[in-house]
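S.K.: Heads up: the sequence shown runs through residues 30 to 1236, numbered per the working numbering.
Here it is, the structure in full.
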Amino acid sequence: MTKILGIDTGTNSHGWAIVEKQADEYHLLDKGVDIFQEGVLKTEKGKEYSKAAERTAHKAARVRNYRIKLRKIRLLRILSDAHLCPPLSKAELSAWRLKKEYPKNELFMQWQATDDDSEKTPYAYRHKCLHESLDFSSITDRYILGRAFYHMIQRRGFLSNRKDQNGDETGKVKESISNLTQEMHDEGYEYLGDYFYSLYNKGEKIRNHYTARNEHYLAEFKAICEKQDLDKNLGSDVVRQIEKAIFYQRPLKSQKGQVGKCVFEKNKTRCPSSHPMYEEFRMLSFINNIKIQTPNDDVLRPLSSEERALIMPLFFRKSKKLFDFEDIAKKLAPKKQYGFYKKSSDAEMPYLFNYPMDTSVSGCPVTTALKDIFGDNWIDSLCETYTLAEGKSRLNVVNDIWHVLFFYTDDTKLAEFAKNRLQLNDEEARKFCKISLPGDYASLSLKAICKILPYLRRGLIYSHAVFLGNLCEVMPQYEWDIEEMRNAAIEHIIHEMNQIDSKDARTFEVCIEEYLKEQYHVSEEKLKKLYHPSKMDKYPRVLRTNDHGVYQLGSPRIDCVRNPMAMRSIFRLRKLVNRLLEEGKIDLDTEIHIEFARELNDANKRRAIAKFAKDNQKKNDEARKKIIDKMGEEYNVKDDDILKCILWEEQGHICLYTGRQIAIPDFVGTSQKFDIEHTIPRSVDGDSTRMNLTLCDSRFNREIKKTKLPAELPNHDEIMARINDWREKYESLDGQIRKLRGKSKGATTKKLKDDIIYNRHLLELQRDYWRGKYLRFTMEIVPEGFSRRQGTDIGVISKYARLYLKSLFKHVYTVNGIATSDFRKIWGVQDVYGKKERVNHVHHCIDAIVVACISRDEYDKLSAYYHNEENHKWYGMSKAYFKKPWPTFVEDLKNVQDEILVYHYTPDNMPKQGRRKILLDVEVDGIKKKKKVLCKGDAARGLLHSDTYYGAIENDGVVRYVKRINLASMKVTDVKNIVDDAVRGIVEAAIREKGFKEAMAGTIWMNEEKQIPIKKVRCYTSIKNPISFDKKKQRDLSDKEYKRNYYVTTKGNYIVALYVGSTKTGKRKTFYEFVNMMEAAGYYKTSTDKSVVGHNIVPLEKDDCQLAFILKKGTMVIFYKETKEEVWDYSQKETVRNLYYVSGIESDGRVTFKYHQEARRDEELPRNASDTSDIKPKIRVGLASAKILVQGYDFEINELGEIKRLR
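Take a look at the structure:
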């Protein structure tokens, strides 16, 4: 008799079921569903976005603004001390930094004020500083110089980082900067201040220009310093302080802590793949694994020393960072006389290899670049020329040079290092600066690599070299310290390895361990230090019990799992399994079945995928050739260029959005006019596959398309006409697929049938690509789950959940999701389950039951069942039969819906305190030391209010609230709410003339003669009672009191409390009280103060009424009809029908409850009613009239869906 726990894992759900297997029959013991919050948020239309992305975007904006303020404060302090601006006290600057109180002394405000008539503008001052000598004895001239510097710090330009990989955004910025520089030169201006001053005088627009920090602002700063002789007039120290305040770039926070750990050296991080030692490691690992069979050989053999030396130069070619294995074959065999030994067509070739000819091989690009500068013996050359090499080993010298390349972000400083420390000339320094490093990482640390490398250099294959890598820690020290004895020991061990018979029943590792024990008396403890080639991160075995003597799963945190969605799911899995263990429902001997929802491809599908990938690689090569043919051999083709060229071909050399013809120079090189554009914006679904990319006119993409779907554009019909051939292409492929489906049924041999299926799969991959590309242009909204995130993450979750469960349970098996689907159909529960329309959370439990009942026996019977089914279908033989897990299996699964109480886990993060380790000065034995201390914060957790700030306008004594709306995002209903009558009239006229969509997409002029467009308008809103606060100090306060506050709306209340009491006549009296997120944040911030311990978020008694209960989102309730006591007489079915949870709290006292089994989104639900006589997906009732028992007051419900009465 075996007890089995079946688990259906998901990104926001766990279905579970416990069955008992006796002989070949199962018995269902228990079941349930655990629902928790997904790791992403969704908009009203179902579009998904990351919680972390939204939070960090807001945080990044706050930090950026704070850093800008700090820079201004530092500069003002220097200017004030140097009498270059009106005097500002430390108290004034500190108040601005800490309390957000902007300095308002009169002289300072006058210093910033502008006046066009008297040429009192920052641009005029910058122009004057560049061309006129100032009188430093005049306070007015000193203030002019200070105002010019203060203007520079407000907009100090873009600073390029040499490590940037020329992404889309960086490329646009650099292109705009280049265009601006060209415009300056065309107009005859050398400095940015002069050019902007000329634009200012002409009344032309200055904003929205990308500027360069060094090329534009620093050059202008140095020109001003030179013109005004500031080193003499102010002092070199002051000039350096001003330069640092304006131009210093704070380095980014290091992400070294995010790099994974080495599998062999646990305390060491993984080595970047750009390190020369790793490049050699990777090269030798591959070369040592190559096998060749020449006409003189009977079998495949490793390469000889001469053959290894012959092919090594292939890895050090500047022209090929990656190359095909065929290049190696050409070096070792005569032309066209080689092949892959497993390929039947190559079987008669004189020279055979153990790699296919199209295998991609990685070269050594960084080492190649260093060889080009320092020669073939580049390490020796470095040791000679590096001025800091004295006393350092060869490895340390290499590390120094690599670290410089890896960490330097400024080309100028890198060139200085190359000239001063490496003694390179200008040309060599330029080459050194151009060395580009890939950003990925190896799986091993540099320490482990350096230990393994000596054995790879001896020609050992990777697995053998790894096994000997840590021999230095295993061998007796006296043997290892003496070079002769060490080398002899290594030779003996390698000889022993070569003597091991492959037919030996013992493993290779066991043989070597026994040899080491016999010959060198190595202890068992030391043998554990040997590296093992297949070693990987695993969860430690659970060895301890909890306080009740029950074994529990430990923490699922592990270095190799960084997926937050996976971690959330595994933490909930831990909670569920530990609860089952505590309740005694399972034990350590329970067999675990977990659904693995990643599709396992068959052999024909794998072949098709490989061919599809090969065809794509061929397109890449062809695109590279076309670009080189057009741009010349000297042009460095980038990956983005290749992608653009492929998209260019797919589009027929035109822009799909504008119809403009495109030539290759339009999207490669320095003057690019076309961008790579995401059809469905990347911010919506994060899809950057080629299926979601096109080549688009830069201006159209940036100014019109932006984050819209193609269907939202005014010229959508024209766009669809341009991609009509895509539709014809995938429809044609669809027809070919249908023909092949018919042919496969009539195939007479297995090989013929396999070939037909393979061709069909290949055509399906091509069809899916073109269909997916076409359909993205037709979407009006992005369907639920379109981003492919759900399926992918489920696979990751199942993989690591299995490893995690194996840390406690002996028998853990994964079940493929396709297999689960097949067994549902075979056992006749597919109709119960539903045709992919998962409207009820119970489907997770049904899956779990099926998963629990799929054991190895069922898998073994499956092939026979399908064989019998084919015989029945094709040859009319008896119908195939597959025994159900138990006789009433289908009937019982139909009743599951009436038996399961779905548990909803909704964490309340507001009361949680943030924790962070802070470095503090502590005194130990009278000595001050730095110590990391865990501190708790009082920052709010949660969205306090909506992002939009509202303005207030008073008309006839009534205050109405308005918001500013961009014309491009306006709705038809917003037009009538435009505040300004004149603006509203102009907008309405434009709509009448062009239509709403076209008018909003184009430019509406306020004054076309003066080129003044309408970009944003103020519109009245329906907001009646917004939240107001004045926490943020405004610099320029209005003279109207009602305009001095900030007005926002809340996105729902945090809690609602119901109070119940009696009137003097004995009648029941009720009222409720809300606490919004801002009030809750204030309470929990105060609650950290020890002086207010015991204070409740709402009072326990108010107006002679007692607090009955508090509701918040996620609180579960049970509805009753007459009295509370009747609930405890409910049958399981009645409890199931009346269990709901809070999904919304409205300001008018109504609360929305959602049925615990309901899986649909709110917008997909039918309209609800207040009657609770039947199961309704959603109920909206007034709080005072709601007849409910409340979780935490009347009952508790645990992860297993078990209810416990509290009162």
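Every residue, glycine too, gets a C-beta built ideally from N, C-alpha and C.
(1) Is DSSP giving Pro569 helix, strand or coil here?
(2) Identify, in the order they occur along the chain, each residue of the same chain with its Cβ nearer than 8 angstroms to the Cβ of Ile671, setting aside the five sequence neighbours on each side.
(3) Kindly indicate the opening and closing residues of the beta strand (DSSP E) around Val1180.
(4) How many angstroms separate the CA atom of Arg486 from the CA atom of Ile541?
(5) Is Thr718 buried or exposed, if buried means 16 or more other CB atoms sit within 10 Å of its CB?
(6) Note down, one range per segment and in chain order, each alpha helix (DSSP H) of at least 4 residues found wholly within the region 389-433.
(7) Taking all protein chains shown into account, decide if Thr396 is buried (16 or more other Cβ within 10 angstroms of its Cβ) or exposed.
(8) Out of Lys735, Asn665, Leu209 and Ile683, which one is the CA nearest neighbour of Thr708?
(9) Restricting to Cα atoms, I'd like to know which of Ile615, Ala338, Ser302 and Ser333 is closest to Ser465.
(10) By the DSSP assignment, the alpha helix (DSSP H) with Gln141 in it spans what residues?
(11) Any chance you could list the beta strand (DSSP E) runs of at least 3 consecutive residues sitting entirely within the region 707-748, in chain order?
(12) Leu242: which of Phe1103, Gln366 and Lys273 sits nearest, CA to CA?
(13) Taking the beta strand (DSSP E) that Ile1084 falls in, what are its first and last residues?
(14) Determine, using beta carbons only, whether Val202 and Phe187 come nearer to each other than 8 angstroms.
(15) Distance, Cα to Cα, Val1104 vs Phe1138?
(16) Where does the unbroken beta strand (DSSP E) through Trp1034 begin, and where does it stop?
(17) Measuring only the C-alpha atoms, how far is Asn325 from Leu381?
(18) Excluding five sequence neighbours on each side, which residues of the same chain lie with their C-beta closer than 7 angstroms to the C-beta of Asp1242?
(19) Evaluate Val48 with the Cβ neighbour count: other Cβ atoms within 10 Å of its Cβ, from every protein chain shown; 16 or more gives buried, anything less gives exposed.
(20) Let me check one thing: in DSSP terms, what residues is Thr169 bridge-paired to?
(21) Can you check which of these residues, Tyr932, Ser314 and Asp618, is closest to Glu1225 by C-alpha distance?
(22) Excluding sequence positions up to five away, which residues of its chain have a Cβ less than 7 angstroms from the Cβ of Glu1193?
(23) Cutting at 6 angstroms between CB atoms, please list the residues of its own chain near Gly35, excluding the five before and the five after it.
(24) Per the DSSP calculation, Glu49 is bridged to which residue(s)?
(25) With C-beta atoms as the reference, is Pro132 less than 8 angstroms away from Glu148?
(26) If you drop the 5 nearest sequence neighbours on each side, which residues of the same chain put their C-beta closer than 7 angstroms to that of Leu313?
(27) Using the Cβ count rule (16 or more neighbours within 10 Å means buried), how would you classify Ile97?
(28) So for Asp704, helix, strand or coil by DSSP?
(29) Measure the Cβ-Cβ separation of Ser999 and Met1029 and say whether it is below 8 angstroms.
(30) Is it right to say His432 is buried, meaning 16 or more other beta carbons lie within 10 angstroms of its own, or is it exposed?
(31) Would you decide whether Gly468 is buried or exposed? Buried here means 16 or more other CB atoms lie within 10 Å of its CB.
(32) Once you ignore the five residues that flank Lys349 on each side, which residues in its own chain have a CB closer than 7 angstroms to its CB?
(33) Which residue comes first and which comes last in the beta strand (DSSP E) that contains Ile364?
(34) Among the residues of its own chain, which have a CB less than 7 angstroms from the CB of Leu559, if the five just before and after it don't count?
(35) Could you name the residues of the same chain whose beta carbon sits closer than 6 angstroms to that of Leu221, not counting the 5 residues immediately before and after it, in chain order?
(36) Can you tell me whether Asp695 is buried or exposed, with buried defined as 16 or more other CB within 10 angstroms of its CB?
M.R.: In terms of the structure at hand:
(1) coil
(2) Asn649, Ala652, Arg653 and Ile656
(3) Arg1179 to Tyr1184
(4) 20 angstroms
(5) exposed
(6) 394-403 and 407-414
(7) buried
(8) Lys735
(9) Ser302
(10) Glu135 to Gln141
(11) 722-726
(12) Checking the sequence, you will find Arg at residue 242 rather than Leu. Taking only the C-alpha atoms, the option nearest Arg242 is Lys273.
(13) Asn1082 to Ser1091
(14) yes
(15) 14 angstroms
(16) Ile1033 to Asn1036
(17) 12 angstroms
(18) Outside the displayed span of the chain (30 to 1236) sits residue 1242, for which this structure offers no information.
(19) buried
(20) DSSP, once it has assigned bridges, lists no residue as partnering Thr169.
(21) Tyr932
(22) none
(23) Ala46, His622, Ala877, Val880 and Ala881
(24) Lys32 and His56
(25) no
(26) Leu485 and Arg486
(27) exposed
(28) strand
(29) Just to set this straight, residue 999 is Met in the shown sequence, not Ser. It is a contact, given that the beta carbons lie within the stated cut-off.
(30) exposed
(31) exposed
(32) Gly392
(33) Per the sequence shown, the amino acid found at residue 364 is Lys instead of Ile. Counting along the chain, Lys364 falls outside any beta strand (DSSP E), and DSSP gives it neither H nor E.
(34) Phe496, Asn499 and Val503
(35) His245 and Glu249
(36) buried
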